[in-house]
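Working notes for the structure below.
4 protein chains.
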Amino acid sequence: MRAFTDERDWAKFHDPKSLILALVGEVGELAELFQWLPGDEAVQRAGVDPLRRRVGEEMADVLAYLVRLADVLDIDLAEVTKRKLESSAVRFPAADFHGEAPEKA
Amino acid sequence: MRAFTDERDWAKFHDPKSLILALVGEVGELAELFQWLPGDEAVQRAGVDPLRRRVGEEMADVLAYLVRLADVLDIDLAEVTKRKLESSAVRFPAADFHGEAPEKA
Amino acid sequence: MRAFTDERDWAKFHDPKSLILALVGEVGELAELFQWLPGDEAVQRAGVDPLRRRVGEEMADVLAYLVRLADVLDIDLAEVTKRKLESSAVRFPAADFHGEAPEKA
Amino acid sequence: MRAFTDERDWAKFHDPKSLILALVGEVGELAELFQWLPGDEAVQRAGVDPLRRRVGEEMADVLAYLVRLADVLDIDLAEVTKRKLESSAVRFPAADFHGEAPEKA
Numbered sequence: 000m001r002a003f004t005d006e007r008d009w010a011k012f013h014d015p016k017s018l019i020l021a022l023v024g025e026v027g028e029l030a031e032l033f034q035w036l037p038g039d040e041a042v043q044r045a046g047v048d049p050l051r052r053r054v055g056e057e058m059a060d061v062l063a064y065l066v067r068l069a070d071v072l073d074i075d076l077a078e079v080t081k082r083k084l085e086s087s088a089v090r091f092p093a094a095d096f097h098g099e100a101p102e103k104a
Numbered sequence: 000m001r002a003f004t005d006e007r008d009w010a011k012f013h014d015p016k017s018l019i020l021a022l023v024g025e026v027g028e029l030a031e032l033f034q035w036l037p038g039d040e041a042v043q044r045a046g047v048d049p050l051r052r053r054v055g056e057e058m059a060d061v062l063a064y065l066v067r068l069a070d071v072l073d074i075d076l077a078e079v080t081k082r083k084l085e086s087s088a089v090r091f092p093a094a095d096f097h098g099e100a101p102e103k104a
Numbered sequence: 000m001r002a003f004t005d006e007r008d009w010a011k012f013h014d015p016k017s018l019i020l021a022l023v024g025e026v027g028e029l030a031e032l033f034q035w036l037p038g039d040e041a042v043q044r045a046g047v048d049p050l051r052r053r054v055g056e057e058m059a060d061v062l063a064y065l066v067r068l069a070d071v072l073d074i075d076l077a078e079v080t081k082r083k084l085e086s087s088a089v090r091f092p093a094a095d096f097h098g099e100a101p102e103k104a
Numbered sequence: 000m001r002a003f004t005d006e007r008d009w010a011k012f013h014d015p016k017s018l019i020l021a022l023v024g025e026v027g028e029l030a031e032l033f034q035w036l037p038g039d040e041a042v043q044r045a046g047v048d049p050l051r052r053r054v055g056e057e058m059a060d061v062l063a064y065l066v067r068l069a070d071v072l073d074i075d076l077a078e079v080t081k082r083k084l085e086s087s088a089v090r091f092p093a094a095d096f097h098g099e100a101p102e103k104a
């Protein structure tokens, strides 16, 4: 993403607020692909082309902007995600939350 | 994320529509951290704790749900993102889009 | 919203990009209230307090920022929504789309 | 929105989770219209057609799904928004927050 951006001289557009709006745009496109699918058929329907391909592309766009934001903010996204997952594992002990969704995970 | 989910028997909650809503929730928390910051000070302000830590945590949550969605849909997120970036490089030739934001990138 | 904003001298924060990020934050909070509910029980569960009250509050926050954005952009939101609904009625004739979700409505 | 929906027999698609995903899709389209605009030129640029018209249409779509969700949940959106604004006025006294953005408004 950094090379892609620099080759086009687009870094000037990539302040955090703009990148988050771009991320929101891609999340919106992902949401639109699923909005009217029956919840219990979504995995199956999204498993077949052309929907499967489109879902992958929108997820890729979400990741690309997330990674770009991490670059702009000098955040090691892989590292913080590993640490966050470890802290979530402590916050939601498996024994206490087995089969129970926390109000907000 | 798969192990974390299975240990808690949470896979039953992780249909695609629910996971996208969870992703939206985390993107919303990320947006809230930046909403009132001056655009041209956002990188600097988000570079100092405690904001830096909180931004990293929200980005981690976004990534965690995106990766979990990819797992549920059996999508190789790294692979499709590489391919998407390559196709974007063709779609937006550096020479044609130098310094010019496409209407939607 | 305009009076509320002016009394607090908050208009300086309300440029469109910031307001959309604030809107995204509220949509995220709304999404979180529903994310783990079974789809076919969501209406019933959200019909009982305290969830009913919280859902109403988050929807109110979404509307408040949307109305504020319309004010900042000098857009007559009620008028454009009526016109948009009329154009959607033409675009999706009832006879052609009866019981069929358009790919994107 | 209720008449529009019933004429097309689309009520069956309009459970809360699906409507929130549709709302997210429209918020995403709104975000995309602003993502690369300089923050301090956004009002001016969005004041001129064709962008002005497109912004109005996306805002209308957001409102339409929000109103539809309120209908499905039997929530009086105008009433709860008035009450929420009153409670926000108490929560953020003008004298205490003059010119200061709350961490999250």
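Quick mapping for you: the protein sequence lines, in order, are chains U, R, D and C.
Read in order, the letters of the first sequence are residues 0 to 104 in numbering that gives the first Met the number 0.
Read in order, the letters of the second sequence are residues 0 to 104 in numbering that gives the first Met the number 0.
Read in order, the letters of the third sequence are residues 0 to 104 in numbering that gives the first Met the number 0.
Read in order, the letters of the fourth sequence are residues 0 to 104 in numbering that gives the first Met the number 0.
The C-beta atom is built at its ideal place from N, Cα and C for all residues, glycine as well.
| query | result |
| --- | --- |
| Is residue 7(C) helix, strand or coil when you go by DSSP? | coil |
| Which residue's Cα is closest to the Cα of residue 76(D): 89(D), 62(D), 86(D)? | 62(D) |
| According to the Cβ coordinates, are residue 34(R) and residue 21(D) closer than 8 Å? | yes |
| For residue 43(U), name the three-state secondary structure that DSSP assigns. | helix |
| Around the Cβ of residue 26(C), are there at least 16 other Cβ atoms within 10 angstroms (buried) or fewer (exposed)? | buried |
| Measure the alpha-carbon distance for residue 66(R) versus residue 24(R) and round it to whole angstroms. | 15 Å |
| Would you mind reading off the limits of the alpha helix (DSSP H) that contains residue 74(U)? | Residue 74(U) -> no alpha helix (DSSP H), and no H or E assigned at all. |
| Could you tell me the boundaries of the alpha helix (DSSP H) in which residue 95(C) lies? | 93-96 |
| By the 10 Å Cβ neighbour count, where 16 or more other Cβ atoms means buried, how is residue 98(U) classified, buried or exposed? | exposed |
| So what does DSSP say about residue 49(U), is it helix, strand or coil? | coil |
| Residues in its own chain within less than 8 Å of residue 7(D) by CB, not counting five upstream and five downstream? | none |
| I'd like the list of long-range same chain contacts for residue 50(C), defined as Cβ closer than 8 Å, with 5 residues on each side in sequence excluded. | 32, 44 |
| Can you grab the Cα-Cα spacing for the pair residue 10(C) / residue 38(U), in whole Å? | 15 Å |
| Which of the three DSSP states, helix, strand or coil, is assigned to residue 0(U)? | coil |
| For a cutoff of 8 Å on Cβ pairs, would you count residue 158(C) as touching chain R? | As displayed, chain C neither begins before 0 nor continues past 104, which places residue 158(C) out of reach and without an answer. |
| Quick check on residue 84(R): does DSSP put it in helix, strand or coil? | helix |
| How close, in whole Å, do the beta carbons of residue 58(D) and residue 68(C) come, if the pair is a contact with beta carbons under 8 Å? | 7 Å |
| Once the 5 residues before and after residue 18(D) are set aside, which same chain residues still bring their CB inside 7 Å of it? | 64, 67, 68, 71 |
| Alpha carbon to alpha carbon, how far is residue 5(C) from residue 42(D)? | 18 Å |
| Can you find the residues in the same chain that come closer than 7 Å, C-beta to C-beta, to residue 55(D), ignoring five residues on each side of it along the sequence? | none |
| Can a CB atom of chain R be found closer than 8 Å to the CB of residue 94(C)? | no |
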